[in-house]
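Heads up: the structure comes next, in structure tokens.
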Amino acid sequence: MAVTLPSAHAMRIVLIIPTFNERGNIGRLIDQLQAVFRPLKHEMLILVVDDNSPDGTADVVREHQRHSLNVHILQGSKRGLGAAYIRGMRHALEVLHADAVFEMDADFSHEPKDVPRLTAALEQGADFVIGSRYVSGGSIPREWGLHRRLNSRFGNIVARYVAGLYRVHDCTAGFRAIRADVLRRIDMERFRVQGYAFQIALLHAAIVGGAKVVELPVKFVDRTVGESKLGIKDIIEFFQSAAWIRFQSSKVFIKFCITGAFGVLVNLGIFTALLAAGVNKFVASPIAIEASIVTNFLGNNYWTFRSRNLAGPVHARGLRFNVVSFLSLAISYLTFVVLSHVLPAAAPQVPQFIGIIPATLVNYLLNSYWTFRDHPRESAH
Ligand code: GDD
Ligand code: MN
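The numbering of the sequence shown is the working numbering, which starts it at 610 and goes up by one.
Below is the structure:
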């Protein structure tokens, strides 16, 4: 769980700026940032992560290093934006001992004047601050054509509804301030991303780790010098990454099914035991059913949905779980009745079994979004 106490004391903040052929931007950007840093109480550092840009971006940075002690540079071969950030973050944490880092583009799309505002959100207790284009007050450039607009919108739809980052409005934003302890809990080697997909992989990992996410509106300015490096390879990797994140989250669904299968054993076991003890089968059946509902509930409450922040008393959830269970019984039975008429020749086990499928899905969805609803610590604004 993230420590979200407001920090009154000064932090060491490293702005990580990945560059590839940004000779025309990086020098001016460093100058403007230094001016913005001046009134801040924090120790502000700049870390340029340059992928051996052929245009000599690194030479400009080295020139600045001669009179600025807070400017650092890491060089390496070009492997993509995500790979550059992973290298940069490791260096910021392990070598520069950052308390927080920024992600920022070199091309002035992210305005230096916004840095203090994102920093202030960290001071107020946020763990993961996003300079967001898609909350009220934020914007994308007017000049953007339909293609780029749709690309950005669609990327966010995929991130929100495929990867499951519903609560965040700008999941692909590259302007962020992140507390170091959030990053220390994340194993970025496991992302297996090289390009822009890094942005959603990191955001997802931070949320899973319990980071408090805050979105602040920013105006994203179109670059005037140089060109975008976002390519088809990045777009493909982005989809793969979103699908991978969804698959990882479906582990919850698998646990739910395992719990349910265990419940079947409980049901049959108790039913058999009660019969052996001489209990009437019409009395034994509902007792066995309710017993399996109770064990399913316990399994889901303490295992399947354990990582969620569940609110309210446990008996209220137990009651909701019971309601959902009876509803899925009705769905299962309805499917059985309908299919028995549609497939009169089939063995009765066939409609009986098929009925389990819609019942399980409805059961899962209602329990996931109602009974065991997550009350996340992050807020969207
Ligand atoms: N080191 C390194 N290696 N830097 C890179 C690489 C790379 O392979 N690719 C891009 N960069 C640097 C650029 O030099 C620039 O400083 C920054 O990363 C952003 O790259 P752009 O090519 O300008 O990205 P963009 O404007 O298309 O995309 C922006 O918006 C996206 C969402 O719409 C960025 O903010 C992305 O992070 C963001 O996902
Ligand atoms: Mn750009």
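Built from N, CA and C at the ideal position, the CB exists for glycine as well.
* Indicate, with yes or no, if ligand 2 has a heavy atom lying under 7 Å from the CB of S662. => Against the sequence shown, residue 662 aligns to sequence position 53. Because no heavy atom of ligand 2 lies under 7 Å away, the Cβ of S662 does not count as near it: no.
* Asked: For A735, which residues of its own chain have a beta-carbon under 7 Å away from its beta-carbon, when the five flanking residues on both sides are left out?
  -> Within the sequence shown, the letter at position 126 stands for residue 735. Cβ neighbours of A735 beyond the five flanking positions: K821 and V823.
* To do: Could you give the DSSP three-state label for H681: helix, strand or coil?
  => As a working note, residue 681 is residue 72 in the sequence shown. Looking at H681 - three-state DSSP - the assignment turns out to be strand.
* Asked: Excluding the five sequence neighbours on either side, which residues of its own chain have a C-beta within less than 7 Å of the C-beta of A667, listed in chain order?
  -> For the purposes of this step, residue 667 is taken as residue 58 along the sequence shown, with counting starting at 1. Hits under 7 Å: D659, I682 and Q684.
* Identify the residues that DSSP records as bridge partners of P721: which are they? -> Start at 1 with the first residue of the sequence shown, and residue 721 comes out as number 112. Looking at the DSSP assignment, P721 forms no beta bridge with any residue, so it has no partner.
* Quick one: is the Cβ of L690 within less than 7 Å of any heavy atom of ligand 1? -> Along the sequence shown, read from residue 1 onward, the residue named residue 690 stands at position 81. Yes, the beta carbon of L690 sits closer than 7 Å to at least one heavy atom of ligand 1.
* Relative to the alpha-carbon of K864, which residue among W912, A939 and S977 has its alpha-carbon at the smallest distance? -> The count along the sequence shown starts at 1 and reaches residue 864 at position 255. Comparing Cα positions, the closest option is W912.
* Asked: Heavy atom of ligand 1 less than 7 Å from the Cβ of L839, yes or no?
  -> Numbered from its first residue, the sequence shown carries residue 839 at position 230. L839 Cβ: within cutoff of ligand 1.
* Asked: Would you say Q641 touches ligand 1, meaning its beta carbon is less than 7 Å from a heavy atom?
  -> Position 32 of the sequence shown, counted from the start, is the residue given in the question as residue 641. The answer is no for Q641.
* In chain order, each alpha helix (DSSP H) run of at least 4 residues that lies wholly inside the region 832 to 885 -> Within the region 832 to 885, the complete alpha helix (DSSP H) runs of at least 4 residues are 841 to 858 and 860 to 885.
* Taking the beta strand (DSSP E) that A709 falls in, what are its first and last residues? -> If you number the sequence shown from 1, residue 709 lands on position 100. It spans A709 to E712 - the beta strand (DSSP E) in which A709 sits, taken as one unbroken run.
* **Contact set for F981: own chain, Cβ-Cβ below 8 Å, skip 5 residues either direction** => Here the question's residue 981 lines up with position 372 in the sequence shown. Closer than 8 Å at Cβ, skipping near neighbours: N909, N910, T913, F914, R917, L919 and R926.
* To do: Out of R742, E652, A810 and I965, point me to the one whose CA is closest to Q849's CA.
  => In the sequence shown, the residue the question calls residue 849 occupies position 240. Here the closest residue by C-alpha is A810.
* Asked: Hey, how far is the Cα of L883 from the Cα of L952?
  -> One-based indexing of the sequence shown puts residue 883 at position 274. One-based indexing of the sequence shown puts residue 952 at position 343. Separation of L883 and L952 (C-alpha to C-alpha, rounded to the nearest whole angstrom) is 34 Å.
* Asked: Between the C-alpha atoms of N634 and G783, what's the straight-line distance to the nearest angstrom?
  -> For the purposes of this step, residue 634 is taken as the residue at position 25 of the sequence shown. For the purposes of this step, residue 783 is taken as the residue at position 174 of the sequence shown. Using only the alpha carbons, I get a separation of about 17 Å.
* Asked: Along the chain, where does the alpha helix (DSSP H) that runs through D790 open and close?
  -> The residue you call residue 790 lines up with position 181 of the sequence shown. Counting along the chain, the alpha helix (DSSP H) containing D790 begins and ends at A789 to R793.
* Contact set for D843: own chain, Cβ-Cβ below 6 Å, skip 5 residues either direction -> Within the sequence shown, residue 843 is the residue found at index 234, counting from 1. Only G804 and Y805 meet the Cβ criterion.
* Alpha carbon of R794 to alpha carbon of P960, nearest angstrom -> To locate residue 794, count along the sequence shown from 1; it is residue 185. To locate residue 960, count along the sequence shown from 1; it is residue 351. About 48 Å.
* If we count the other Cβ atoms within 10 Å of its Cβ and call it buried at 16 or more, is H990 buried or exposed? -> Translated into the one-based positions of the sequence shown, residue 990 becomes position 381. In this prediction, H990 has a pLDDT of 42, which is less than 50 and means its spatial position is unreliable; what the coordinates show is noted afterwards. Exposed.
* To do: Report whether the distance from the Cβ of R799 to the nearest heavy atom of ligand 2 is below 7 Å.
  => For the purposes of this step, residue 799 is taken as residue 190 along the sequence shown, with counting starting at 1. Outside the cutoff, so no.
* Asked: What do you reckon, are the CB atoms on F856 and A786 nearer than 8 Å?
  -> On the sequence shown, residue 856 is found 247 positions in, with the first residue counted as 1. On the sequence shown, residue 786 is found 177 positions in, with the first residue counted as 1. No, Cβ-Cβ distance for F856 and A786 is not below 8 Å.
* Cβ distance (whole Å) where R621 is taken to contact E652 below 8 Å -> Your numbering for residue 621 matches position 12 in the sequence shown. Your numbering for residue 652 matches position 43 in the sequence shown. About 4 Å separates the two Cβ atoms, so the contact holds.
* Could you give the DSSP three-state label for G764: helix, strand or coil? => By 1-based counting over the sequence shown, the position of residue 764 is 155. Three-state DSSP puts G764 in a helix.
* Extent of the continuous beta strand (DSSP E) run through R621 -> Position 12 of the sequence shown, counted from the first residue, corresponds to residue 621. Taken as a continuous stretch (DSSP letters only), the beta strand (DSSP E) holding R621 covers R621 to T628.
* Inspect the CB distances between the region 670 to 680 and the region 743 to 752 and report whether three or more fall short of 8 Å. => no
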